[in-house]
Structure formats: structure tokens, C-alpha cells
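Residues in the sequence shown are numbered consecutively from 33, following this note's numbering.
From the three backbone atoms N, C-alpha and C, an ideal C-beta is built for every residue, glycine too.
Reading through the C-alpha cells given below for one structure.
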Amino acid sequence: MNWRGSLFVKHLRLQRGLLLAASTAMLAEALVIVALPLPMRFIMNHLLVPAKHGKSPWPFFLPHEWPDTSLLAAAAAWLAVLCVAAALVDISQELWLARAVNRVIEGVRRDLLELLLTRRADFVEGRHKADIIGRLSGDTSNLEGLLTVGLPTLLRALPTLLMVLAVLAALDRSFALAMLAVVLVMYLLTSHFTRRVRSLEKVARNETNYLEEDAYQALQAFPLIKSLSAERATGDLLAAGIARITASTTGSQVAESWQSASLTATKNFMRLMILLCGGWAVLRRDMLVGDLVLFLSYVDSVASPVNDLAKFSVKRAKAVIAMERIEELAREARAKPETEGDAEVDASAPLSLRLREASAAYPDGKTPVRDFSAAFGAGDLVAVVGMSGSGKTTFLRLLNRLLDPSAGEIRLGGRPLTDYRLDALRAEVTAVSQQTYFIAGTVRQNLCLARRGPVADDELWSALERVGAEALVRALPGGLDAAIGEGGLKLSGGEERRLSVARAFLRPRRGVFAFDEPTAGLDPVSAARVTASLRGLAADGAAVFWSTHRMEEAVAAGRVVFFRAGERPVMGAHAELLASCPSYGAFINASERSSAQAV
């Protein structure tokens with residue numbers, strides 16, 4: 033894949049200053065790690081057990097004329113400086129790296145989210161929402177893992193390994209080769225168990241997702257489960273999922289234990305061999321004691337970098353897949369832009385909405401709206417009726433460009449809808465769908481989603497009153513400032529619907545309104561209140577459309593648009609359609625029979 037133009041690389045470049053600072057600190061930390069044992073080697077070789085030649089190996093820094101006590105103090109000071117430096121570079125690289133990584137991942141998520149929110153509605157609606165969320169969350173987390181593990185591996189672990197081997201090779205090639213062999217063994221063991229852990233963790237994550245989905249469905253249908261006396265069967269199903277998660281998690285923990293044990297065993301074996309071989313070399317005076325101590329110290333120094341290298345190979349593979357998935361989504365999203373013009377809506381001009389042979393087709397070949405021509409203006413109250421799937425919702429979505437016509441055009445104020453800026457168009461044409469949307473906040477916060485800036489309490493209460501929800505909100509603890517729970521959890525379906533419709537009355541402009549079944553799920557009294565509010569909007573000069581399955585609403589509307597699957601819609605007053613359109617009469621009769629049977 034092309035990483036160069038990816039969102040990930042874009043934000044890496046934006047944070048290159050922090051990344052450079054963190055990288056410098058990590059390289060400095062590698063130098064400190066390698067240098068830390070050297071003062072002890074000096075003390076052992078040249079003070080406690082004097083070297084054969086009896087002089088300092090660093091004449092420019094520690095002259096051999098210095099007394100032993102001064103050399104000891106200098107070596108101790110050197111070690112103290114290295115310890116302080118180790119602490120400083122460690123905290124510096126952690127802070128700079130964490131800040132850079134957080135900003136990079138935040139930027140990728142923000143750009144991807146902004147890209148999705150500015151696409152055509154059919155792009156998001158046509159994809160699995162869990163897949164989109166997974167790419168926003170899980171895949172970006174894999175990129176975070178690549179940075180938090182990959183950069184320290186490349187800039188600290190790998191240089192540390194190379195410098196340790198270089199220092200050892202300069203002192204004793206045979207011991208350096210032995211250390212290299214140990215590094216390779218450690219890497220192979222760690223890689224093997226890391227792959228095993230990754231495989232089992234993937235299974236555990238999948239099983240956890242299945243369990244969460246099953247548990248969610250069980251909780252949603254809890255009354256039905258109780259009614260069917262299916263508690264035991266449901267419990268057995270969920271218990272089986274829990275058992276599978278436990279098995280996978282246990283296997284992962286066992287693999288991690290074997291990984292840790294193998295590394296420890298390898299390190300200890302290397303210590304034993306260095307102690308035996310090095311001790312023999314010291315006894316034979318072929319090696320100095322300080323060199324033996326240095327070799328033993330570096331055994332621990334190579335274990336962590338080797339482990340990091342093994343983890344990096346896994347993180348990199350996961351990050352490549354994650355980046356491919358993110359860029360795939362971004363590429364597909366860019367192919368579905370929500371185009372707009374630059375015109376403003378002239379609020380002073382008479383309201384005029386015209387459709388000219390407008391059709392709407394979907395990728396699967398269905399064309400629910402066919403060759404529809406009509407003209408609407410201020411004060412129109414239009415009921416949109418028809419069988420499910422006949423095109424009612426599609427028609428309403430055309431009015432504010434949630435969907436564009438596949439043929440023909442729609443004009444507002446004499447100009448095609450595509451000429452307008454989207455924010456200007458959607459300020460003039462308000463669409464309220466069947467789906468409700470609530471944030472985890474208060475009634476006030478959710479109502480104010482309809483308008484930017486502060487909204488006076490009087491306006492909020494007025495909007496609630498128009499849909500018969502004023503008493504409901506006043507009864508809540510805190511009134512407008514009452515919390516309604518995540519996604520409106522504390523509201524019933526009918527209460528959610530009324531608050532969702534109330535938001536429409538807070539829109540800054542009141543030109544065209546399109547409501548998709550605003551009275552569905554409401555009792556007759558509440559439905560009548562909402563319908564009266566829609567009539568009030570029309571009386572104020574708006575053009576109001578609403579889809580409905582209530583025949584009394586169609587009768588009360590000024591005009592009715594009747595959609596028939598695969599045919600051109602027909603429009604007229606209720607009485608006119610009954611007289612001129614047999615299929616409308618048949619639809620009304622079937623609806624009345626259905627209503628009578630339901631009662």
C-alpha cells in the first residue's frame with residue numbers, strides 16, 4: 033500500500049518535532065544503557081584489581097597520576113552522572129513519545145471521522161456500523177501500538193544491542209560471539225511465543241465480541257426470555273461463551289509464562305557459562321575481573337531489547353493491516369463526496385419548491401421515486417402515504433439532499449438544490465427522520481443540537497409544548513437540565529419521538545420541513561398534538577411534509593402524495609385521490625381494515 037499519502041504519515045509529519053525529540057532521547061538512552069557498566073569495569077580493573085599496566089585507560093579524562101582515592105571518586109561521579117542522565121532521558125522520551133503518539137492517533141481519528149461525516153448519507157448507511165467503529169477505534173489503536181513499540185525498538189533496543197555487541201567484540205571476540213548466539217536464541221523463543229500469544233488473544237477478542245453481542249440481545253429481550261422460561265437456555269449459551277473466553281485467555285497466559293521462563297532460563301544459562309568460562313580466564317590471567325563483571329551486566333541489557341524486537345515484528349504486521357483498512361475506508365469515503373454550491377438561500381423571496389421529473393435510484397437498481405413533478409409553496413401541508421418501501425422516506429430525503437436525484441431535478445427558490453451551500457440549504461429545509469439521536473446529556477443539551485449558540489428557555493418550553501412534551505419535561509428532576517441517559521436511555525420510545533420532533537421547532541429558519549412518520553408509536557392524543565403543531569408550522573408560512581400511516585392525518589392534510597412501488601407518485605387532496613386513483617382507494621380501505629383489526 034502507499035503509506036506516503038496516508039492519514040498516518042500525514043500526522044507523523046505534523047508531529048515530527050516531538051518525534052525527533054523523543055528519538056534523540058531514545059538514542060541517548062541507548063548510549064547510557066551501554067555506558068552504565070563501564071565505571072564499574074574501571075573500578076574493578078584499575079583500582080580494586082589493578083591492571084597489568086597500572087594506568088588509566090582514559091588518560092584524557094582520568095590521568096593515571098591521580099591517587100586511587102581520586103580515581104574512585106571520579107568513577108563514582110561518572111556513574112552518578114550516568115544514573116541521572118538515564119533518569120532524565122527516560123522520562124523525556126516517555127513524555128515526548130506519549131505526547132507525539134497521542135496527537136498522531138487523535139489526528140488520524142479526527143480526520144477519518146471528519147471525512148465520514150462529510151460524505152453522502154448513503155455511504156455511511158450502506159456500511160456495517162460496527163466495521164466503521166472498528167476502524168476508528170481498534171485499527172487506530174494498532175497504529176498506536178506500532179509507534180509505542182516500534183520507535184523504542186528501532187531507536188533504543190536495536191542500537192543498544194548493536195553497541196553492546198560492539199563493546200564486547202572489542203574486549204573478547206569469543207565472548208561476543210557467544211552473546212550473539214544467546215541473542216538469536218532469545219529472539220527465536222520470544223518470536224515463537226509472541227505469535228502464539230497473539231493468536232490466542234485474537235481468539236479471545238473474537239469470543240468476547242460474540243459474548244457481548246449475545247449478552248446485549250439477551251438483555252434487550254429480557255422480558256421475553258422470562259416469559260418463555262428460557263433463563264436456563266440463555267444462561268447456558270452465555271456460559272459457553274464465557275468458557276471459550278477463559279480457555280483462550282488461559283492459553284495466552286500459559287504462552288506468556290513459557291515465554292518469560294524461556295528468556296529467564298536462557299539468561300541464567302548464559303550467566304552460568306560466562307561465570308565458568310570467564311572465571312577460568314580470570315584465574316589464568318587472560319581476562320580482567322572488570323571485564324567479567326561487564327559481560328555479566330550486559331546479559332540483562334540484551335534481554336529487554338530482544339523481547340522488544342519480537343514484539344515489534346508482531347506490532348508491525350498488525351499495523352500494516354490496520355493502515356490498509358483505514359486507508360481503504362478513507363479511499364472509499366473520498367469517492368462519495370457531498371458536493372455543494374456557493375449560493376445562499378434568499379429568505380426574503382417567496383417560498384417555492386419544485387420537482388421536475390425527479391427520480392431516485394439506489395445501487396441495487398431499485399427506483400422508489402419515479403418521474404415525480406410537483407410544485408409546493410408557503411403554507412402547504414402535505415401528507416406522504418404509501419405502502420412500506422414505496423418511496424416515502426426516499427422522497428423526504430431528496431428535499432434536503434440527504435439523497436440526490438438520479439434523474440430530473442429539484443429547485444428551491446428557482447435554483448437547483450445543488451447550487452446552494454449545504455449548511456444554507458439545510459437551514460432552510462429541515463428533515464426529521466424516524467431514527468432518534470440523543471447524546472448522554474440533559475434535555476437542554478439535546479434540544480440545542482438543533483441550533484448553534486444559546487437558546488432561551490422560553491423557546492425550549494415553547495417547542496416542547498407544541499409536541500405535548502412540556503409536562504413530561506417539567507416532571508423530570510431538574511426539568512430542562514435533567515439527564516436523560518446515554519442515547520436517551522431514560523426515555524420511552526414515544527418520549528424520544530416527541531423530543532426529536534420538538535428540535536425541529538428550534539431550527540433557525542422555517543422554510544421547508546420534512547418529517548418521517550413523526551406520530552409513529554404515539555398514542556392518539558399525543559399524535560393529534562404533533563399533527564396540530566405541523567399545521568401550525570404551515571400556518572406560519574412553511575411547507576410541511578410528513579409521512580404517515582394514520583389515515584385521519586391524510587384526510588386532514590391539504591394535499592396527499594401517494595407513492596406506489598414501481599410507479600409514478602400521484603398527488604391531490606384526499607377526496608380527489610379517492611375519486612381518481614383506484615389504487616389509492618384500495619390502499620385506504622386496506623389501511624382502515626388493518627386499523628379496525630388492531631383495535
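- Taking a C-beta distance under 8 Å as the contact criterion, E376 and R443 do not qualify as a contact pair.
- Residue environment analysis places L307 among the exposed positions, since fewer than 16 neighbouring C-beta atoms fall within 10 angstroms of its C-beta.
- For D246 against L270, the beta-carbon gap comes to about 6 Å, under 8 Å, which counts as contact.
- Around the Cβ of E460, a 10 Å sphere holds 16 or more other Cβ atoms; the residue is buried.
- Of the candidates A365, A362, E359 and S438, S438 places its Cα closest to the Cα of P395.
- Between the segment 321-334 and the segment 66-74 there are three or more C-beta pairs closer than 8 Å, enough to call the two in contact.
- Secondary structure of Y248 (DSSP, three-state): helix.
- Going by C-alpha positions, D555 is about 10 Å away from R561.
- A distance below 7 Å between beta-carbons, with the five flanking residues on each side excluded, links V133 to the following residues of its chain, in chain order: E176, L179 and T180.
- Within a 10 Å sphere around the beta-carbon of N621 sit fewer than 16 other beta-carbons, which makes this residue exposed.
- By the neighbour-count criterion, in which a residue is buried when 16 or more other Cβ atoms sit within 10 angstroms of its Cβ, F40 is buried.
- Within the same chain, and ignoring the five residues on either side of I358 in sequence, the residues whose Cβ sits closer than 6 Å to its Cβ are R167 and D171.
- CA-CA distance, H581 to F594, rounds to 11 Å.
- The beta carbon of A390 lies closer than 8 Å to those of V401, D403, F404, S405, L430, P437, A439, G440, E441 and I442 in the same chain, with the five residues before and after it left out.
- Segment contact: the segment 486-505 against the segment 524-538, three or more CB-CB distances shorter than 8 Å; contact assigned.
- Cβ contact annotation for A415 (same chain, cutoff 6 Å, sequence separation greater than five): T580, E585, A586, A589 and V592, in chain order.
- A straight line joining the alpha-carbon of R386 with that of A472 spans about 39 Å.
- With fewer than 16 other beta carbons inside 10 angstroms of its own, H160 counts as exposed.
- Counting along the chain, the unbroken alpha helix (DSSP H) around F254 starts and ends at F254 to S259.
- Contact check between the segment 118-134 and the segment 49-57: three or more CB pairs, one atom from each, fall below 8 Å, which counts as touching.
- Non-local C-beta neighbours of V199 in its own chain, meaning closer than 7 Å and more than five positions away in sequence, comprise V66, ordered along the chain.
- For V235, the CB contacts under 7 Å within the same chain, skipping 5 residues up- and downstream, are S280 in chain order.
- Taking C-beta atoms as the reference points, A365 and R151 count as a pair closer than 8 Å.
- Bounds of any beta strand (DSSP E) do not take in V475; it lies within the alpha helix (DSSP H) bounded by V475 to L479.
- Taking 8 Å as the cut-off, the Cβ atoms of E146 and V229 do not count as close.
- Residue environment for G421: exposed (fewer than 16 other C-beta atoms within 10 angstroms of its C-beta).
- The C-alpha of D154 lies about 8 Å from the C-alpha of L434.
- Straight-line spacing of the CA atoms in P191 and L114 works out to 18 Å.
- Apart from the 5 residues on each side of it in sequence, L44 sits with its Cβ closer than 8 Å to the Cβ of L51 and V136 in its chain, given in chain order.
- Unbroken beta strand (DSSP E) stretches of 3 residues or longer found wholly inside the segment 405-453: 413-418 and 439-444, given in chain order.
- Taking the Cα positions, D378 is about 7 Å away from G445.
- Just so you know, the alpha carbons of L341 and Y219 end up roughly 8 Å apart.
- Cβ neighbours of T468 within its own chain (closer than 6 Å, five residues either side excluded): E528 and S532.
- DSSP places M603 in the strand class (E or B) of the three-state scheme.
- Under the DSSP assignment, A575 falls in the beta strand (DSSP E) whose first and last residues are A575 to S579.
- No Cβ-Cβ contact shorter than 8 Å links I516 with V464.
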